[in-house]
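>
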Amino acid sequence: MNKSLITNIIALALTLVGYFMPQPVVFTIGIFALSGAITNWLAVHMLFEKIPGLYGSGVIPARFEDFKIAIRNLMMEQFFTEDNIDRFLAGSSNPASNINFAPIIEKVDLSSAFDNLVDVIESSSFGGMLAMVGGREALQPMRIPFIDKMKMSIAEISQSETFNQLIREELEQPNVMAGMRDKVSDIIEKRLNELTPQLVKEIVQEMISKHLGWLVVWGGVFGGVIGALAALSKTF
0 MNKSLITNII
10 ALALTLVGYF
20 MPQPVVFTIG
30 IFALSGAITN
40 WLAVHMLFEK
50 IPGLYGSGVI
60 PARFEDFKIA
70 IRNLMMEQFF
80 TEDNIDRFLA
90 GSSNPASNIN
100 FAPIIEKVDL
110 SSAFDNLVDV
120 IESSSFGGML
130 AMVGGREALQ
140 PMRIPFIDKM
150 KMSIAEISQS
160 ETFNQLIREE
170 LEQPNVMAGM
180 RDKVSDIIEK
190 RLNELTPQLV
200 KEIVQEMISK
210 HLGWLVVWGG
220 VFGGVIGALA
230 ALSKTF
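Numbering that gives the first Met the number 0 applies: residue 0 is where the sequence shown begins, and numbers increase by one.
1) Are PHE125 and VAL58 closer than 8 angstroms when you measure CB to CB?
2) Do the stretch 31-43 and the stretch 151-165 meet, that is, are 3 or more Cβ pairs less than 8 angstroms apart?
3) Tell whether a beta-carbon distance below 8 angstroms holds between LYS67 and LEU191.
4) Take ASN243 as the anchor and find which of ILE5, GLY219, ARG71 has the nearest alpha-carbon.
5) According to the Cβ coordinates, are VAL117 and ARG135 closer than 8 angstroms?
6) Grab me the residues of LYS2's own chain with a C-beta within less than 8 angstroms of its C-beta, minus the 5 sequence neighbours each way, in chain order.
7) What residues in its chain sit with their C-beta under 7 angstroms from that of ILE70, if we drop five residues either side in the sequence?
8) Tell me the DSSP secondary structure of LYS150 in three-state form.
9) For LEU15 and PRO21, I'd like the C-alpha separation in whole angstroms.
10) For ARG62, report the span of its alpha helix (DSSP H) as first-last.
11) Specify the secondary structure class of PHE125 as computed by DSSP and reduced to three states.
12) Smallest Cα separation from PHE221: which of ILE28, LEU11, ILE5?
13) Give me the residue from ASN7, ILE9, TYR18, HIS44 with the minimum Cα distance to GLU201.
14) Going by DSSP in three states, PHE79 sits in which element: helix, strand or coil?
15) Short of 8 angstroms in beta carbon distance, which residues of its chain neighbour LEU231, apart from the five on each side in sequence? Order them along the chain.
16) Alpha carbon to alpha carbon, what distance is there between PRO51 and ASP82?
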């Protein structure tokens with residue numbers, strides 16, 4: 000069910016009924032609801048798509064380099080610290096055949112990654128529009144879907160055969176610890192360089208667009224309430 004489309008259809012229907020009946024109060028409610036719903040729909044659309052002439056639109060694909068850097072820093076600071084590598088090598092007789100980062104990924108708290116994404120949106124030219132529809136709190140319902148999707152994506156990268164083969168080759172070399180973190184960082188960097196702005200947009204859009212649809216619904220509802228108050232104030 001497309002909540003945005005249904006909201007806009009209802010608002011448009013009220014506007015047309017109020018105009019042709021004519022019913023001034025219904026028309027005012029409809030036109031305010033339609034303007035609120037369309038404005039919020041445009042705000043959601045502008046997150047993912049670049050619109051010529053509208054500065055700040057397409058903020059997520061435009062900041063995809065920041066997105067990649069955040070993933071790289073997260074993996075290096077949470078998974079591939081020197082202490083973690085030492086414990087991994089010390090606790091396995093044959094590290095090359097026992098690589099499985101999934102349990103570690105599942106335990107890692109990725110809330111900071113979501114907070115960083117919100118900070119990127121707030122610090123962009125889109126931040127003012129986000130503030131109009133509830134600010135950071137409006138994005139909170141997306142936290143859990145975002146974290147789940149991030150864990151899945153990181154797990155897929157860490158479990159790929161190419162990634163594990165590169166790790167195994169490095170572990171078999173003399174002086175394993177010498178420069179290991181730098182080499183792992185290079186591996187991650189190369190994998191992340193395969194991401195494109197379009198792919199980043201699709202990943203984020205899949206995670207949060209369903210929840211952002213409620214912004215359109217509430218834009219229509221609050222617009223209708225304001226329209227009702229405006230229409231009723233004229234009758235007194």
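Even glycine gets a Cβ: it sits at the ideal position worked out from N, Cα and C.
None of these values were measured; they are calculated from a predicted model.
According to the structure shown:
1) In this structure, VAL58 lies closer than 8 angstroms to PHE125 by Cβ.
2) no
3) It is a contact, given that the beta carbons lie within the stated cut-off.
4) A query on residue 243 cannot be resolved here, the shown segment of the chain reaching from 0 to 235 and no further.
5) yes
6) GLY212, TRP213, VAL215, VAL216
7) LEU191
8) helix
9) 9 angstroms
10) That residue, ARG62, is in no alpha helix (DSSP H); it is neither H nor E in DSSP.
11) coil
12) ILE28
13) HIS44
14) coil
15) VAL24
16) One C-alpha to the other measures close to 49 angstroms.
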